[in-house]
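*Asks:* Residue numbers for the sequence shown follow numbering that gives the first Met the number 0, so the first one is 0 and each next one is one higher. Where a beta carbon is used, it is the ideal one built from N, C-alpha and C, also for glycine. Have a look at this one before I ask anything.
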Amino acid sequence: MHCTIVVDDCNGRRDLVAEHGLSIYLKTPRGNVLFDAGQGICLSHNAHALGLDLGLVDHLVLSHGHYDHSWGIPKVLQEAGRLPLWAHPAFEAPHHTKRGGKLRYCGAHLAKASFDFKPVEGSVEIIEGIWAISVPDEERNPDFAPKDPDLVVPEGTDLISDPLKDDLSLVVKGRFGYSVILGCAHAGAVNILGAASRRFDTKNFYAVIGGMHMEKQSKEFLERSVAALADRFSIAIFRPCHCTGFRAAAMLASAFDVDWAGSGAALEL
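What follows is the structure, given as structure tokens:
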């Protein structure tokens with residue numbers, strides 16, 4: 000199984016373009032899976048530069064309904080036609096940000112008629128060796144779930160903290176064992192790996208790849224999370240990107256083999 004970062008906030012090559020977003024292309028003998036599609040600004044350009052054909056995508060997986068993961072999906076559908084879209088049923092929640100007193104919609108703009116919706120709750124096998132998993136509220140330890148006061152949803156006439164129930168990740172089983180691919184890990188990386196550990200009966204993971212939404216978190220949160228990851232799981236390599244933040248990546252590097260997975264980064268799983 001070959002994994003390529005197509006879209007990230009940072010470039011790994013000069014011929015690629017960066018944006019605030021994430022898209023990861025998984026090529027397998029059993030089919031190709033695109034995990035998220037970024038904002039759509041650089042998806043087509045980067046895929047072409049990397050020799051990846053969006054028209055050969057067999058399955059789309061959406062980690063959650065935020066714009067930086069979902070707005071590129073129409074670009075994929077233009078090239079691949081109608082596809083299965085695997086996502087949590089809550090991906091259409093009215094996600095907003097509130098910064099400086101300004102409220103802005105930051106959710107998905109997707110017409111369900113343009114794809115074959117496949118709901119994900121718990122764990123669902125997409126193709127052999129690739130599962131989408133979600134972590135329900137009761138399995139989310141708040142000590143390890145990143146907090147972001149800027150993320151809100153309307154409830155009646157009020158605004159409440161966005162619970163991001165639609166957050167999901169991938170678990171893949173390749174020749175090196177199990178790996179976990181994160182979108183933003185709004186449920187918390189420790190909680191997600193805990194759920195994967197229980198559902199697949201393993202504490203050993205070859206790779207953890209993707210965004211961890213740690214950029215704005217406190218030093219205490221980062222230290223607590225890194226310590227728990229190191230104590231509870233055996234992880235051969237960490238490849239953070241997107242919203243993880245460089246400070247968090249540096250702290251992860253104190254306990255793991257870490258390399259930033261910018262656009263163009265690739266590895267065998």
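My assumption, with CB atoms under 8 Å, is that Ile-72 sits in contact with Ala-36. Please give the rounded CB distance.
*Replies:* 5 Å
*Asks:* Going by the DSSP bridge assignment, what does Asn-31 pair with across the sheet?
*Replies:* Lys-26.
*Asks:* Is Gly-39 closer than 8 Å to Trp-85 when the C-beta atoms are compared?
*Replies:* no
*Asks:* Going by other Cβ atoms of all chains shown within 10 Å of its Cβ, with 16 needed for buried, is His-47 buried or exposed?
*Replies:* exposed
*Asks:* Could you round the C-beta distance between Asn-162 and Asp-136 to whole angstroms and report it? I think they count as a contact, below 8 Å.
*Replies:* A small correction: the amino acid at residue 162 is Pro; Asn does not occupy that position in the sequence shown. Rounded, the Cβ-Cβ distance is 7 Å, consistent with contact.
*Asks:* So, are the CB atoms of Val-170 and Ala-144 less than 8 Å apart?
*Replies:* In this structure, Ala-144 does not lie closer than 8 Å to Val-170 by Cβ.
*Asks:* So, for Asp-258: in the same chain, excluding its five sequence neighbours on each side, which residues have a beta-carbon less than 7 Å away from its beta-carbon?
*Replies:* Excluding sequence neighbours, Asp-258 sits near Arg-238.
*Asks:* Just the Cα atoms here: how many angstroms apart are Leu-251 and Asp-57?
*Replies:* 33 Å
*Asks:* By the DSSP assignment, the alpha helix (DSSP H) with Leu-221 in it spans what residues?
*Replies:* 218-231
*Asks:* Suppose the cutoff is 6 Å on Cβ atoms and the five residues either side in sequence are ignored; what does the same chain contact list for Gly-263 look like?
*Replies:* Gly-11, Arg-12, Leu-15
*Asks:* Distance cutoff 8 Å, beta carbons only. Does Ile-159 sit that close to anything in chain C?
*Replies:* You won't find chain C in this structure, because it holds only one protein chain.
*Asks:* Is it the case that the Cβ atoms of Leu-33 and Leu-59 are separated by a distance below 8 Å?
*Replies:* yes
*Asks:* Would you check if the stretch 124-133 and the stretch 96-115 touch, i.e. whether three or more CB-CB distances between them fall below 8 Å?
*Replies:* no
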